[in-house]
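Quick notes on the structure that follows.
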Amino acid sequence: MMNAPAMADLKATSLNRLHIELGASMAPFAGYQMPIRYPAGIIKEHLHVRKAAGLFDVSHMGQIEIRTRSRSELSAAEALESLVCADILSLANGRQRYALLLNDRGGIRDDLMIANLGSRHIIVANAACKIEDERYLRAALAPNCELQLLDDRALLALQGPLAESALAQLLPDVREMRFLDVWAGTLLGMDCVLSRSGYTGEDGFEISIPADGAESLARKLLQNPAVAMIGLGARDTLRLEAGLCLHGADIDATTTPVEADLQWSIQASRRHGGRRAGGFPGADVVLAQLINGTTRKRVGLRPQGRAPVRRGARLFAEPDSHSPIGIVTSGTFGPSVNIPIAMGYVTAQAAAAGVPVWAERPGEPVLATLAKPTAITPRYRR
Amino acid sequence: MLKFTSDHEWVLLDDDCATIGITEYAQEQLGDLVFVQLPKPGTSLEAGGVAAVVESVKAASEVYAPIDGEVIAANDDVSREPALINSDPMKKGWLFKLKISNRVQLDALMDEQAYKSMLQGSA
Chain A
6 MMNAPAMADL KATSLNRLHI ELGASMAPFA GYQMPIRYPA GIIKEHLHVR KAAGLFDVSH
66 MGQIEIRTRS RSELSAAEAL ESLVCADILS LANGRQRYAL LLNDRGGIRD DLMIANLGSR
126 HIIVANAACK IEDERYLRAA LAPNCELQLL DDRALLALQG PLAESALAQL LPDVREMRFL
186 DVWAGTLLGM DCVLSRSGYT GEDGFEISIP ADGAESLARK LLQNPAVAMI GLGARDTLRL
246 EAGLCLHGAD IDATTTPVEA DLQWSIQASR RHGGRRAGGF PGADVVLAQL INGTTRKRVG
306 LRPQGRAPVR RGARLFAEPD SHSPIGIVTS GTFGPSVNIP IAMGYVTAQA AAAGVPVWAE
366 RPGEPVLATL AKPTAITPRY RR
Chain B
13 MLKFTSDHEW VLLDDDCATI GITEYAQEQL GDLVFVQLPK PGTSLEAGGV AAVVESVKAA
73 SEVYAPIDGE VIAANDDVSR EPALINSDPM KKGWLFKLKI SNRVQLDALM DEQAYKSMLQ
133 GSA
């Protein structure tokens, strides 16, 4: 067992009272007391999101606002581009993009969603990274940008095929939004930022609102019978079925975007031959890997049978081998696909060969085929 | 006679046969179970050794043999449908049966009253 800090030492989100009222099992997560599951349980919660709409409290995540300083040399977009391998200059007003914050070795400090709202950019950062991200960004962007941690705001995610109709009851204009559109305006009389995005493989929205208004928004959405509160347990199984990486598990400061098979997030403009090639930390490493490849690669794994393969399980070419060729970074039983699913890293050789590997299990190893990390067909509203 | 262990297992004693499962409290703590690994009949188990593994979406948990004994049956129904352990942990959700080989070990098991007191103490 981990040495969990006492609940009293943990921060509570603005929905804490609602979570407890709904009977949530609360647990420490990145310094916050967060709902892991509600009485329905992870499987029912997961399936509810795939068929209706789930409301998640993700207020523990970091929200950071960045504005260009007056008379600065670089715009906020230009300054941000010096830290991430994504193209931020071409990100249009009202759009959002996935961006990797890299260290000098090309390792992933954090994976971010960056939104362009015209006069400002808003970054959504991982809960466990947000303090360090803020410190790093503040220092790195200081000459050109003003930075503010929006810790007085809550973040809710509304996800699933009925998310649009549920939110449209409060704000009909959301029907006009497409995947990765962002919108800033007034919702229930509160200053709100919406993005059509999420972490479940479903269509949906992330809603940033003042913390003191989060509970009334949540209760209003929950009046719709299609909407149910969903805990972080189901959020993890949903994102794993969707093949999405969890920072701190599947990607971290020791894995590069190319090793993690996230090279799609490096637009052509930032690659060799592009208009603004390189110019981000670790660019030499990452751009060389785009050409020469890497020694390991993130892959999806489909263990045979019903037994889940868990994070930390080593992967072998033969069941009786003692030299691992890879490791599992996330693994569970996928409630929608009704089979065990996992992702992890294997040698580039093994990834290219595509032959099944043996994964450690209590008792005896289990054979797992390599697959795309995505186990479901995502339903983003493009 | 129904007994309990501090690892949240129940042990139903009937002559020289002990039926073992996990308690209502344990299934609630574990959440939705998706996979169960049971000992094969004929296997000899020692008290405190790993007898079975029950797995939820989130994690794998070991079930220990509460006493020494040879496995005389394993519940194939829960292998096929692990959710039976969540819905009916004390009856249809039984895991395996042991042939009791050392009756002295039974004295170390708790009765229902003692188990309930333990739960209240830890709550």
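Protein chains in written order, with the working numbering: chain A, 6 to 387; chain B, 13 to 135. Here a beta-carbon is modelled for each residue, glycine too, at the ideal position from N, C-alpha and C.
Open item on the list: I'd like to know if A72 of chain B contacts chain A, where contact means its C-beta is closer than 8 Å to some C-beta of that chain.
Closed with: Taking the second sequence and counting its residues from 1, one reaches residue 72 of chain B at position 60. At a cut-off of 8 Å between C-beta atoms, A72 of chain B counts as an interface residue with respect to chain A.
**Prompt:** Between the beta-carbon of T379 of chain A and the beta-carbon of G248 of chain A, is there less than 8 Å?
**Reply:** For this step, residue 379 of chain A is matched to residue 374 along the first sequence. For this step, residue 248 of chain A is matched to residue 243 along the first sequence. Yes, the Cβ-Cβ distance between T379 of chain A and G248 of chain A is below 8 Å.
- Item | Through-space distance from Y204 of chain A to L146 of chain A, alpha-carbon basis | On the first sequence, position 141 is the one that residue 146 of chain A refers to. On the first sequence, position 199 is the one that residue 204 of chain A refers to. Distance between L146 of chain A and Y204 of chain A, taken at the CA atoms: about 28 Å.
- Item | Secondary structure of P177 of chain A, DSSP reduced to three states | Within the first sequence, numbered from 1, the residue matching residue 177 of chain A stands at position 172. For P177 of chain A, the secondary structure class from DSSP, reduced to helix, strand or coil, is helix.
- prompt: Is T337 of chain A close to chain B, meaning its C-beta is less than 8 Å from at least one C-beta of that chain?
  reply: Here the question's residue 337 of chain A lines up with position 332 in the first sequence. Yes, its Cβ sits closer than 8 Å to a Cβ of chain B.
For the alpha helix (DSSP H) holding N98 of chain B, just list the boundary residues, first then last. Here residue 98 of chain B is taken as the residue at index 86 of the second sequence, counted from 1. Looking at the DSSP string, the run of the alpha helix (DSSP H) that includes N98 of chain B is A95 to S99.
### Query
Going along the chain, which residues of the stretch 23-55 of chain B sit with their C-beta nearer than 7 Å to a C-beta in chain A?
From the stretch 23-55 of chain B, only G43, D44, V46, F47 and Q49 have a Cβ closer than 7 Å to chain A.
Query raised in the report: Listing by chain order, which chain E residues have their CB less than 8 Å from the CB of I47 of chain A?
Result: No chain E appears in this structure, whose protein chains are A and B.
message = Let me check understanding here. Comparing Cα to Cα, which of A:G279, A:T374, A:I69 and A:N98 lies closest to A364 of chain A?
response = By one-based count along the first sequence, residue 364 of chain A stands at place 359. Scanning A:G279, A:T374, A:I69 and A:N98 for the CA closest to the CA of A364 of chain A turns up A:T374.
Looking at chain A, is there any beta carbon in it that lies within less than 8 Å of the beta carbon of V65 of chain B? Reading the second sequence from its first residue, position 53 is the one you call residue 65 of chain B. Chain A places a beta carbon closer than 8 Å to that of V65 of chain B, counting this residue as a contact.
With a threshold of 16 other CB atoms inside 10 Å of the CB of H327 of chain A, please say whether the residue is buried or exposed. What you label residue 327 of chain A is simply residue 322 of the first sequence in a count that begins at 1. Exposed: under 16 other Cβ atoms inside 10 Å.
Legend entry - Under 7 Å (Cβ pairs) to chain B, residues found in the stretch 191-205 of chain A: Cβ contacts with chain B: none found.
| message | Based on DSSP bridge pairs, tell me the residues matched to H1 of chain A. | response | Given that chain A is displayed from residue 6 to residue 387, the structure contains no residue 1 of chain A and the question cannot be resolved.
query = Do K104 of chain B and L96 of chain B have their C-beta atoms within less than 8 Å of each other?
reply = Numbered from 1 along the second sequence, position 92 holds the residue referred to as residue 104 of chain B. Numbered from 1 along the second sequence, position 84 holds the residue referred to as residue 96 of chain B. Closer than 8 Å, so yes.
Checklist entry - Can you tell me the Cα-Cα spacing of H277 of chain A and E211 of chain A, whole angstroms? => result In the first sequence, counting from the first residue as 1, residue 277 of chain A sits at position 272. In the first sequence, counting from the first residue as 1, residue 211 of chain A sits at position 206. Their backbone Cα atoms lie some 34 Å apart in a straight line.
Q) Which value, in whole angstroms, describes the spacing of the CA atoms of R386 of chain A and A162 of chain A? A) Within the first sequence, numbered from 1, the residue matching residue 386 of chain A stands at position 381. Within the first sequence, numbered from 1, the residue matching residue 162 of chain A stands at position 157. R386 of chain A and A162 of chain A: Cα-Cα distance of roughly 15 Å.
Self-check item: Inter-residue spacing [alpha-carbon to alpha-carbon] between T232 of chain A and V54 of chain A
Solution: In the first sequence, counting from the first residue as 1, residue 232 of chain A sits at position 227. In the first sequence, counting from the first residue as 1, residue 54 of chain A sits at position 49. The question names Thr, but residue 232 of chain A in the sequence shown is Val. V54 of chain A has its alpha-carbon roughly 9 Å from the corresponding atom of V232 of chain A.
From I25 of chain A to L60 of chain A, what does the alpha carbon distance come to, in whole angstroms? Counted from its first residue, the first sequence places residue 25 of chain A at position 20. Counted from its first residue, the first sequence places residue 60 of chain A at position 55. Roughly 15 Å separates the two Cα atoms.
What separation, rounded to the nearest whole angstrom, lies between the Cα atoms of P215 of chain A and R42 of chain A? Residue mapping note: residue 215 of chain A aligns to position 210 of the first sequence, counting from 1. Residue mapping note: residue 42 of chain A aligns to position 37 of the first sequence, counting from 1. Each residue's CA atom was taken as its position, placing P215 of chain A and R42 of chain A some 24 Å apart.
Query raised in the report: Taking all protein chains shown into account, do 16 or more other C-beta atoms lie within 10 angstroms of the C-beta of Q39 of chain B, making it buried, or fewer, making it exposed?
Result: The sequence position of residue 39 of chain B within the second sequence is 27, counting from 1. Buried is the call here.
Here's the rule I'm using: 16 or more other beta-carbon atoms within 10 Å means buried, otherwise exposed. How should L226 of chain A be labelled? Reading the first sequence from its first residue, position 221 is the one you call residue 226 of chain A. Label assigned to L226 of chain A: buried.
Contact set between P420 of chain A and chain B, taken where Cβ atoms lie within less than 9 Å
In this structure chain A extends from 6 to 387, so residue 420 of chain A is not present and cannot be described.
Note down the Cα distance separating I93 of chain A from A82 of chain A, rounded to an integer number of angstroms. Residue numbering aside, residue 93 of chain A sits at position 88 when the first sequence is read from its first letter. Residue numbering aside, residue 82 of chain A sits at position 77 when the first sequence is read from its first letter. For I93 of chain A and A82 of chain A, the distance between alpha carbons rounds to 6 Å.
### Query
For E264 of chain A, which residues of its own chain have a beta-carbon under 6 Å away from its beta-carbon, when the five flanking residues on both sides are left out?
Numbered from its first residue, the first sequence carries residue 264 of chain A at position 259. Closer than 6 Å at the Cβ level, and outside the excluded window around E264 of chain A, lie T299 and R301.
Determine which residues of the stretch 228-245 of chain A have a Cβ less than 9 Å from any Cβ of chain B, and write them out in chain order. Flagged, chain order: G238, A239, D241 and T242.
> Looking only at DSSP bridge pairs, what is P308 of chain A linked to?
Replying inline: What you label residue 308 of chain A is simply residue 303 of the first sequence in a count that begins at 1. A:A373.
>> Can you tell me which residues form a DSSP beta bridge with M39 of chain A?
In response: Numbered from its first residue, the first sequence carries residue 39 of chain A at position 34. Answer is A:A32.
Take the Cβ of E67 of chain B as the centre, count every other Cβ of all protein chains shown within 10 Å, and call the residue buried at 16 or more, exposed below.
Here the question's residue 67 of chain B lines up with position 55 in the second sequence. With 16 or more other Cβ atoms from the protein chains shown falling within 10 Å of its own Cβ, E67 of chain B counts as buried.
Contact with chain B by A13 of chain A, beta-carbon distance below 8 Å:
Numbered from its first residue, the first sequence carries residue 13 of chain A at position 8. Not one chain B Cβ lies under 8 Å of A13 of chain A.
- Query: Among the residues of its own chain, which have a CB less than 8 Å from the CB of A3 of chain A, if the five just before and after it don't count?
  - Reply: Here chain A has residues from 6 to 387 only, and residue 3 of chain A is not among them.
Under 8 Å, Cβ to Cβ, is there at least one residue of chain B near P367 of chain A?
Here the question's residue 367 of chain A lines up with position 362 in the first sequence. Closer than 8 Å to some Cβ of chain B, the Cβ of P367 of chain A qualifies, so yes.
**Request:** Report the option in A:S87, A:F34 and A:P44 whose CA atom is closest to the CA atom of R281 of chain A.
**Result:** In the first sequence, the residue the question calls residue 281 of chain A occupies position 276. A check of alpha carbon separations from R281 of chain A across A:S87, A:F34 and A:P44 identifies A:S87 as the nearest.
task = Could you spell out the range, first to last residue, of the beta strand (DSSP E) harbouring N108 of chain A?
result = Counting from one through the first sequence, the residue named residue 108 of chain A turns up at place 103. Following the DSSP letters along the chain, one finds N108 of chain A in no beta strand (DSSP E), marked with neither H nor E.
Does the Cβ of M6 of chain A have 16 or more other Cβ atoms within 10 Å, making it buried, or fewer, making it exposed?
-> Translated into positions along the first sequence, residue 6 of chain A becomes position 1. Low per-residue confidence applies at M6 of chain A: pLDDT is 38, beneath 50, and the placement is therefore not dependable enough to give any value.
**Item:** Any beta strand (DSSP E) of 3 or more consecutive residues that is wholly inside the stretch 23-76 of chain B
**Value:** The qualifying runs are 29-34, 45-49, 62-68 and 72-76.
Selection from A:S213, A:A132, A:P262 and A:S95 that minimises the alpha carbon distance to D109 of chain A: Indexing the first sequence from 1 puts residue 109 of chain A at position 104. Per the Cα distances, A:P262.
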